[in-house]
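What follows is a set of notes on a single structure, which appears directly below.
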Amino acid sequence: MLSTEVQIGGMLIKCTGSRNEIRDRVRKMKEIVAECIKNQMFEENKDIIESVNSMVKHMTIIPKSSKNPQGRPNTIEEWDSLNKFIRIESEEKLKDINTTIENSKLKIALLDKEQLKMSGDDLHKCWLTFGYTREVFISRKENLRKLEQLKYDFSETLKENARDLSNLVKEIADDLELLEREDELDKYVEIGGRYQIIGDRIKKAQEDATLINSREKILSYKPSIYPLLPKIAAQYQPFQTLWTLVSDYYFNYPKWMNDYLNQIQREELTETITSAIRTLRKLEKNDLKDSRSALENAATMAGKYQEMMPYLPTICDLRNPALKYL
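So the sequence shown is numbered by my numbering: it starts at 1230 and just counts up by one.
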């Protein structure tokens, strides 16, 4: 308490006016602080409402319809993301919101203690906001139930995809076996194109297998195995290499023999010829030894590339950059 009188030396000074002034200033400071606390609470309440609305919107499953032909979630990956959000991330967000609510309650108690009570209307709004989190629990319960049904639907589709892929791999294996019997070099364009198509199908099957296994892992299922897939991929590669070299030879040979020398890159041509011969000899020795017709074609093409070797020294000499100074 402030004294009404203060003794300074031999003088006695009355302080009634100063005491009242200090008291008024303290009261005004409290009111200012209280207003700041209220404004902070109002902003926090707005954030709570926005966070709750955002969470409810995020976790809401949208069924397929004419307006939303795909719906949400539309894939197992989207299902997994939504499942994690509802079960885990939303819990963490609710903890943060509840911490903010508890702090707001302490602020209300502090204002009440300092006799700076909030208006009935403002207090009512705060308590309505504090109860708004129940919307999350309602939405969470409803959408978890829907997620379980979606999990069943996705799992059935996944099983069907796995069966379809298994059948597709068998079809590719049969088509590859038929294609390997083709051995007419003059049909290199057609045969090379068919190998390209087979290669694209194998690549797509490998991507599908990876995707299916990834989704099986999400659903905690045992991964499907496609033992034939790596086998046909390995089986396909040497034949694809052979027919690529066949196509390259017949496409480039007229250029090598008829184009102007200044249009031929000597280092590139040398590497192309020598690399093709090495690859074809390796195919003969290792990769194509079980296919007689493919072996014969590899030997034939190695011979054709080999026939280009005597021309390389002449081409290299005539394409020597030093000749242009002669």
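Ideal placement from N, C-alpha and C gives every residue a C-beta, glycine not left out.
query	result
Touch test, the region 1250-1261 against the region 1324-1332, Cβ-Cβ under 8 angstroms, three pairs minimum	no
Same chain only: Cβ atoms within 8 angstroms of D1276, ignoring 5 sequence neighbours per side	T1329
Rounded straight-line distance, which links the Cα of L1471 to that of N1515	13 angstroms
Local conformation of I1290 per DSSP, three classes	coil
Segment limits, alpha helix (DSSP H) that includes Y1417	Y1417 to I1447
I1326 versus K1354 - alpha carbon distance	16 angstroms
Inter-stretch contact (C-beta, 8 angstroms, three-pair minimum) for the region 1306-1321 and the region 1332-1347	no
Euclidean distance between Cα positions of P1452 and S1384	13 angstroms
Identity of the residues DSSP links to R1301 by a beta bridge	I1291
Enclosing alpha helix (DSSP H) for P1539 [first to last residue]	Segment: none, P1539 is in no alpha helix (DSSP H) and carries neither H nor E.
Exposed unless 16 or more other CB atoms sit within 10 angstroms - verdict on S1368	buried
Same chain, Cβ closer than 7 angstroms to G1428, neighbours up to 5 away in sequence not counted	Y1465 and Q1469
Inter-residue Cα distance where the pair is E1260 and L1352	17 angstroms
Cβ neighbours of K1170 in the same chain (closer than 7 angstroms, five flanking residues each side left out)	In this structure the chain extends from 1230 to 1555, so residue 1170 is not present and cannot be described.
Whole-angstrom distance between K1446 and G1532, CA atom to CA atom	51 angstroms
Run of the alpha helix (DSSP H) containing M1347, from where it starts to where it stops	Careful: M1347 lies outside any alpha helix (DSSP H) and carries neither H nor E.
For K1399 and L1458, believed in contact at Cβ under 8 angstroms, the rounded distance	So it is not a contact: roughly 10 angstroms between Cβ atoms.
Three-way DSSP call (helix, strand, coil) for E1377 in this model	helix
Residue from E1413, Y1361, D1350 and R1444 with nearest C-alpha to E1389	R1444
Simplified DSSP state of R1410, which is helix, strand or coil	coil
Cα-Cα separation between L1339 and L1440, rounded to whole angstroms	57 angstroms
Neighbourhood of Q1535 by C-beta distance below 7 angstroms, restricted to the same chain and skipping five residues each side	I1506
Whole-angstrom C-beta distance between A1434 and L1387, which should lie under 8 angstroms	Not a contact, Cβ separation roughly 16 angstroms.
Start and end residues, alpha helix (DSSP H) containing P1456	Counting along the chain, P1456 falls outside any alpha helix (DSSP H), and DSSP gives it neither H nor E.
Top-ranked residue by Cα proximity to L1394, from E1318, L1373 and I1454	I1454
Contacts around D1437, its chain only, beta-carbon distance under 6 angstroms, and the 5 residues preceding and following it disregarded	L1394
Helix, strand or coil at Q1494 according to DSSP, with G and I counted as helix	coil
DSSP-derived helix/strand/coil call for K1451	coil
Whole-angstrom distance between M1530 and S1504, CA atom to CA atom	13 angstroms
Nearest-angstrom Cα separation, counted from M1258 out to N1372	49 angstroms
L1405 classed as buried or exposed, judged by whether at least 16 other C-beta atoms fall within 10 angstroms	buried
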